[in-house]
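Numbering (the UniProt record's numbering), first residue to last: 1 to 111. This report concerns only the one structure given below.
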Amino acid sequence: MSITMEAGFCVEAVEEALANHGKPEIFNTDQGSQFTSTVFTSLLTANAIAISMDGRDAWRDNVFVERLWRSVKYEEVYLRAYYTVTEARNSLASYFGFYNAVSYYLTRLCH
1 MSITMEAGFC VEAVEEALAN HGKPEIFNTD QGSQFTSTVF TSLLTANAIA
51 ISMDGRDAWR DNVFVERLWR SVKYEEVYLR AYYTVTEARN SLASYFGFYN
101 AVSYYLTRLC H
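Structure (structure tokens):
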């Protein structure tokens with residue numbers, strides 16, 4: 001989690017993901033400035049990763065991620081008063097751990 005919209009944080013996250021999980025064929029993002037920056041798109045291009053960007057104001061392009069962020073906001077962020085960035089990061093890490101466990105369980109339950 002970054003407190004800015006700068007591309008550097010996103011570049012570091014992608015580099016870590018590439019090192020730990022390998023290269024995807026396609027990388028999909030919205031049209032945020034950090035994702036359209038030269039440094040970010042150059043990283044993807046240098047790794048032969050196809051770039052896919054959602055249309056402007058087109059939330060339906062990635063409805064599952066948009067739903068995730070809605071859940072994060074209404075089930076975590078709007079219910080808390082974070083006093084420090086560290087507190088926010090820790091609380092969100094706990095939430096995502098819970099969210100991922102529940103999502104995994106529900107996926108298995110429904111099949």
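The C-beta atom is built at its ideal place from N, Cα and C for all residues, glycine as well. Quick caveat, the model's predicted, so the values are computed rather than measured.
When burial is assigned at 16 or more other CB atoms within 10 Å of the CB, is residue i buried or exposed?
| i | result |
| --- | --- |
| residue 27 | buried |
| residue 79 | exposed |
| residue 98 | exposed |
Looking at the structure shown, is residue i part of a helix, part of a strand, or coil, going by DSSP?
| i | result |
| --- | --- |
| residue 91 | helix |
| residue 29 | strand |
| residue 52 | strand |
| residue 46 | helix |
| residue 71 | helix |
| residue 97 | helix |
| residue 84 | coil |
| residue 6 | coil |
Using C-beta distances below 8 Å, list every residue in its chain close to residue i, excluding the 5 sequence neighbours before and after it, in chain order.
| i | result |
| --- | --- |
| residue 25 | 49, 50 |
| residue 14 | 27, 40, 43, 44 |
Would you mind giving the Cβ-Cβ distance between residue i and residue j, rounded to the nearest angstrom? I have them listed as a contact below 8 Å.
| i | j | result |
| --- | --- | --- |
| residue 11 | residue 43 | 6 Å |
| residue 77 | residue 3 | Contact flag wrong, Cβ pair sits at about 14 Å. |
| residue 5 | residue 22 | Contact flag wrong, Cβ pair sits at about 27 Å. |
Just to confirm my understanding: we take residue i, look at its own chain, exclude 5 residues before and 5 after, and list those with CB closer than 6 Å. What are they?
| i | result |
| --- | --- |
| residue 20 | none |
Would the C-beta of residue i count as close to the ligand MG, meaning under 8 Å from any of its heavy atoms?
| i | result |
| --- | --- |
| residue 41 | The ligand MG is absent from the structure shown, which contains no ligands of any kind. |
Can you give me the Cβ contacts of residue i inside the same chain, cut-off strictly under 7 Å, excluding the 5 residues immediately before and after it?
| i | result |
| --- | --- |
| residue 7 | 34, 37, 39, 40 |
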